[in-house]
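Protein chains in written order, with the working numbering: chain A, 2 to 360; chain B, 137 to 448.
No residue lacks a Cβ here, since even glycine has one placed at the ideal position from N, Cα and C.
As the structure is a prediction and not an experimental result, all values here were calculated from the model.
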């Protein structure tokens, strides 16, 4: 690897980018446009939300009430807890999206009819969970005739602001779109315009060429993250509750995985148009199944499995966790690990296919 | 000829793309400081051969040695010592002349100070000094081609391969361009140029004629013309079209072309003049026959049995 050669490619790429007005507009324009458009998100009802139960009353009546709620299938009980602190931990890790709490004065509340006897703590960073929880609130409870039997406590997003849920997801969507598309097209353009034929007749190595072409896009990706975070904060007051450094770290990994995917696609496509088609072919399932557009919990098991094989799914969990639930990497390490695996695998695939010949 | 003086040596070189054989069992020897021309119609395997010689394509069969390097094994080392000018303009249209050359210099590993000196020198030599800041994409065909040549010789290669370098250029620029090529050859660079122009082929010091992937003739243009078995006959008569119809399908006639009032007939062998005169007499054409001067086009027709224009 020769740094002078790689630097020459980076410089050339930056000069070309500066002159390519359309690309320049897209780098800043696409995030802004989508941010505003998706600021108003879609509500969906879900079943099978993973939940924990904390029964502090533990009476015959409380157990009956829990069974009744569970039978609605809106929540699926995964944990039975003994103390309230565990709810906090499981929610932050993302192991559960909701917790049903039966207060110790459950029976007294039933008698007095002043406050709803049950409490449902939900992960407000996931929009779809919120919507379902509201549905549950009106569920008829045995021995309760009031309007609302379950009190919903919204964690992380108490005001139920849609952008709060959308922006962390949008971060991932915008990054995939630009990173995959721009790299795939940029590399294929080199071949389509005949520049590659000249380049491979020089001492440039495939690594120098690929890394030199991709490095500027890492910078562009990080700029996009900043644009989205700043504008998201300014327009919709979307917070970054966790560590901003960890958020950038996770984004960097995701950017690299997306770039590697783009490089790999560029080796499969022979024209810029083909590269674009292939890129869109990877966007659709990612956007639809990652949990960005439709709630993850509401998808069939097979689709959920499929979604686990897409980088966006994991990045979404990371960005939502860090930005809204104040989760740290010690809680989300598995997602980080999976993203690293994606980076390595996709880079390997890409490099295996780059060779310095025309045939 | 001594083997060490050979810059390119290929034996039994073949390239197949699926069922298509683009280059078929080609033997090629190019001595140092020669301007070697590759003549042939489009699709005859010129580009494929050149690409194999610079290691861009892997040969299906055969041995190639260029500048003493085994191809494809040593292709990477070879790339430091060759210059390659592609058929299509392959520099960056959205970079300026100066930026393009700076980029190529860095890629070739030329030092910064040397780069500045070399670029100034080349821009001067190829009349591009006043175009320094112009985008390459906005230049004329001739200017682009001179820029491409500057880029290809930036690192002073020992061997320069040019794939139809003048296909998008006006005749004046073509002449100037060939002058530049001879300048390079004079300085000791070996050149391999592919072309489908006869006038360009005639200027080469040595010529290889390619037909459907096979090398069908190899020698200096003079040698090739002298080796022609038959000579062209010039038939002057009042009705050249009628003469042409009369000779159509004659076993000894390879090709006919009307030039003004004269019909130029290329024969497969000498000594058929009387026979042709008899045929014309029988057809009622009153003609005067004389011997013509052979040219490269005749050579081409004789070795490929078809005129250059008519081949796809």
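Where the alpha helix (DSSP H) through residue i begins and ends
i              : result
residue 277(B) : 277-289
residue 343(A) : 330-354
residue 456(B) : Here chain B comprises residues numbered 137 to 448, so residue 456(B) is not present and cannot be evaluated.
residue 89(A)  : 86-94
residue 162(B) : Not the alpha helix (DSSP H): residue 162(B) falls in the beta strand (DSSP E), residues 156-167.
residue 434(B) : 432-440
residue 286(A) : 273-290
residue 319(A) : 312-325
residue 307(A) : 302-308
residue 237(A) : 207-237
residue 359(B) : 357-362
residue 263(A) : 245-269
Pair within 8 Å by beta-carbon distance, residue i and residue j
i              : j              : result
residue 202(B) : residue 289(B) : no
residue 434(B) : residue 402(B) : yes
residue 157(A) : residue 126(A) : yes
residue 159(B) : residue 349(B) : yes
residue 224(B) : residue 263(A) : no
residue 344(B) : residue 172(B) : yes
residue 36(A)  : residue 88(A)  : no
residue 174(A) : residue 259(A) : no
residue 357(B) : residue 338(B) : yes
residue 440(B) : residue 347(B) : yes
residue 276(A) : residue 285(A) : no
residue 149(B) : residue 198(B) : yes
residue 394(B) : residue 375(B) : no
residue 423(B) : residue 416(B) : yes
residue 78(A)  : residue 122(A) : no
residue 70(A)  : residue 50(A)  : no
residue 267(B) : residue 279(B) : yes
residue 242(A) : residue 300(A) : no
residue 93(A)  : residue 298(A) : no
residue 355(A) : residue 268(A) : yes
residue 188(B) : residue 151(B) : yes
residue 409(B) : residue 428(B) : no
residue 206(A) : residue 2(A)   : yes
Expected contact under 8 Å - CB spacing of residue i and residue j to nearest Å
i              : j              : result
residue 297(B) : residue 371(B) : No, residue 297(B) and residue 371(B) are not in contact; Cβ-Cβ is about 42 Å, not under 8 Å.
residue 152(A) : residue 101(A) : Residue 152(A) to residue 101(A), Cβ: 11 Å. No contact.
residue 320(A) : residue 169(A) : 4 Å
residue 53(A)  : residue 142(A) : Rounded, the Cβ-Cβ distance is 19 Å, inconsistent with contact.
residue 283(B) : residue 272(B) : 6 Å
residue 57(A)  : residue 186(A) : Wrong, their Cβ atoms sit about 58 Å apart, outside the cutoff.
residue 227(B) : residue 287(B) : 6 Å
residue 340(A) : residue 254(A) : 4 Å
residue 29(A)  : residue 228(A) : 6 Å
residue 270(B) : residue 232(B) : 6 Å
residue 421(B) : residue 378(B) : 5 Å
residue 238(B) : residue 255(B) : 7 Å
residue 208(B) : residue 181(B) : No, residue 208(B) and residue 181(B) are not in contact; Cβ-Cβ is about 18 Å, not under 8 Å.
residue 243(B) : residue 190(A) : Not confirmed; about 18 Å, so no contact.
residue 200(B) : residue 146(B) : 5 Å
Delimiting residues of the beta strand (DSSP E) encompassing residue i
i              : result
residue 392(B) : 389-395
residue 300(B) : Counting along the chain, residue 300(B) falls outside any beta strand (DSSP E), and DSSP gives it neither H nor E.
residue 362(A) : The structure shown has nothing for residue 362(A), since chain A only spans 2 to 360.
residue 307(B) : Run containing residue 307(B): none in the beta strand (DSSP E); it sits in the alpha helix (DSSP H), 307-322.
residue 220(B) : 218-221
residue 429(B) : No beta strand (DSSP E) holds residue 429(B); DSSP gives it neither H nor E.
residue 205(B) : 205-207
Any C-beta of chain D under 8 Å from that of residue i
i             : result
residue 16(A) : Of the chains in the structure shown, none is chain D; the protein chains are A and B.
Any non-hydrogen atom of the ligand MG closer than 7 Å to residue i Cβ
i              : result
residue 319(B) : This structure does not include the ligand MG; it has no bound ligands of any sort.
* Compile a chain-ordered list of the residues in the segment 254-279 of chain A whose CB is closer than 9 Å to at least one CB of chain B. => none
* Does the pairing of the segment 59-72 of chain A with the segment 94-114 of chain A give three or more beta-carbon distances under 8 Å? -> yes
* **Residues of the segment 195-210 of chain A with Cβ closer than 9 Å to any Cβ of chain B, in chain order** => 195, 196, 197, 198, 199, 200, 201, 202, 203, 204, 205, 206 and 209
* To do: Closer than 7 Å, Cβ to Cβ, to anything on chain A: give me those residues from the segment 241-261 of chain B, in chain order.
  => 242, 243, 244 and 245
* To do: Report yes or no: do three or more beta-carbon pairs, one from the segment 350-363 of chain B and one from the segment 328-336 of chain B, lie closer than 8 Å?
  => no
* To do: Inspect the CB distances between the segment 188-208 of chain A and the segment 307-320 of chain A and report whether three or more fall short of 8 Å.
  => no
* To do: Report the residues of the segment 223-240 of chain B with a CB closer than 8 Å to any CB of chain A, ordered along the chain.
  => 224, 225, 226, 227, 228, 229, 230, 231, 235, 238, 239 and 240
* Should the segment 210-225 of chain A be regarded as contacting the segment 286-305 of chain A, the criterion being three or more beta carbon pairs within less than 8 Å? -> no
* Would you call the segment 10-29 of chain A and the segment 78-86 of chain A touching, i.e. three or more CB-CB distances under 8 Å? -> no
* To do: Using a Cβ-Cβ cut-off of less than 8 Å, list which residues of the segment 5-34 of chain A approach chain B; keep chain order.
  => 5, 6, 8, 9, 10, 12, 13, 16, 17, 20 and 21
* Asked: Looking at chain B, which residues of the segment 153-185 of chain A have a Cβ within less than 7 Å of any of its Cβ atoms?
  -> none
* Asked: Residues in the segment 183-207 of chain B with C-beta within 8 Å of chain A's C-beta atoms, listed in sequence order?
  -> 187, 190, 191, 192, 193 and 194
* Identify each residue in the segment 278-293 of chain B for which the Cβ-Cβ distance to at least one residue of chain A is less than 7 Å, and report them in chain order. => none
* To do: Using a Cβ-Cβ cut-off of less than 9 Å, give me the residues of the segment 343-365 of chain B that come near chain A, in sequence order.
  => none
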